[in-house]
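A.B. asks: Before anything else, here's the structure in question.
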């Protein structure tokens with residue numbers, strides 16, 4: 009069981025990659041639980057965590073959203089388009 | 005829902021958008037163009053790079069077009085954002101609104117660009133004349149505003 013995690017904007021600099029495969033410890037692991045694991049691997053993410061939004065596929069999801077094997081989770085920092 | 009493209013790496017084509025939105029019932033046309041500026045926060049900017057979450061930005065901007073038309077009663081609204089490397093003076097975003105009268109056209113165009121800046125998953129990276137590079141700090145996305153237009 010694994011998901012794909014995509015990093016956008018400044019997060020790509022923080023983690024050094026645009027995307028990573030990530031194992032799911034349990035099915036129904038929430039976004040929040042996954043963030044705890046990501047923060048251990050990429051300590052630089054911690055400072056950005058409070059202002060992140062999340063999308064699974066093309067749908068914005070809350071931190072309590074359960075993740076399923078095969079999902080693509082996008083970590084979205086504050087936006088600056090226009 | 006619109007099937008048109010809302011994000012492109014090629015230079016934005018205002019003439020094409022004007023052709024696409026031609027409407028004999030409209031007496032007002034308002035165009036907003038966001039243009040790459042040569043300075044930010046006192047620093048000289050040489051160029052920009054925009055990246056985006058393609059699937060989400062297509063969905064968000066298509067919804068924003070429909071929302072803007074419904075909210076202001078305007079007949080035509082198109083929004084296209086650029087991605088990739090842009091030089092000073094290039095258009096980063098175009099908003100085209102056509103309506104029967106000018107009042108709602110101005111209001112709708114302002115709403116569309118103001119809301120885009122809060123909802124579109126796009127990130128601006130600035131390259132400065134002094135050689136430094138920085139992501140511009142932005143607006144946190146909120147889950148409340150997507151697909152539920154009653155809460156904003």
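Protein chains in written order, with my numbering: chain A, 9 to 90; chain B, 5 to 156. For every residue, glycine included, the Cβ atom is placed at its ideal position computed from N, Cα and C. It should be emphasised that the depicted structure is a prediction, and the values quoted were computed from it without experimental measurement.
In chain B, which residues lie less than 7 Å from residue 59(A) when you measure between Cβ atoms?
C.D. replies: 144
A.B. asks: Residue 86(A) and residue 141(B) look like a contact to me (Cβ under 8 Å); what is the Cβ gap, rounded to whole Å?
C.D. replies: Confirmed, Cβ separation roughly 6 Å.
A.B. asks: Cα separation between residue 12(B) and residue 12(A)?
C.D. replies: When rounded, the distance between both Cα atoms is 24 Å.
A.B. asks: Cβ of residue 119(B) within 7 Å of any heavy atom in the ligand ZN?
C.D. replies: Ligands are entirely absent from the displayed structure, and the ligand ZN is therefore not among its contents.
A.B. asks: How far does the alpha helix (DSSP H) with residue 115(B) in it reach, from first residue to last?
C.D. replies: 106-123
A.B. asks: Does residue 119(B) pass the burial test, meaning 16 or more other C-beta atoms within 10 Å, or should it be called exposed?
C.D. replies: buried
A.B. asks: Can you tell me which of the three DSSP states residue 156(B) falls into?
C.D. replies: Because the pLDDT of residue 156(B) is 35, which lies under 50, any placement of that residue in the model is unreliable, and the number read from its coordinates should be weighed accordingly. Note: residue 156(B) maps to coil in three-state DSSP.
A.B. asks: By the three-class DSSP mapping on this structure, what secondary structure does residue 96(B) have?
C.D. replies: strand
A.B. asks: So is residue 105(B) buried or exposed if we call it buried at 16+ other beta carbons inside 10 Å?
C.D. replies: exposed
A.B. asks: Quick check: what's the CA-CA separation for residue 15(B) versus residue 34(A)?
C.D. replies: 45 Å
A.B. asks: Using alpha carbons as the reference points, say which of 114(B), 53(B) and 8(B) lies closest to residue 132(B).
C.D. replies: 53(B)
A.B. asks: In the DSSP output, what is residue 67(A) paired with across the bridge?
C.D. replies: 64(A)
A.B. asks: Answer with buried or exposed for residue 65(A), where buried requires no fewer than 16 other C-beta atoms within 10 angstroms of its C-beta.
C.D. replies: exposed
A.B. asks: So with CB distances below 7 Å, who are the chain A contacts of residue 117(B)?
C.D. replies: Those are 90, listed as they occur along chain A.
A.B. asks: Please list, in chain order, all residues of the same chain as residue 36(B) whose beta carbon is under 6 Å from its beta carbon, the five residues on each side excluded.
C.D. replies: 99, 113 and 117
A.B. asks: Taking residue 74(B) as the reference, which of 48(B), 109(B) and 84(B) has the closest Cα?
C.D. replies: 109(B) is the residue among 48(B), 109(B) and 84(B) whose C-alpha sits nearest the C-alpha of residue 74(B).
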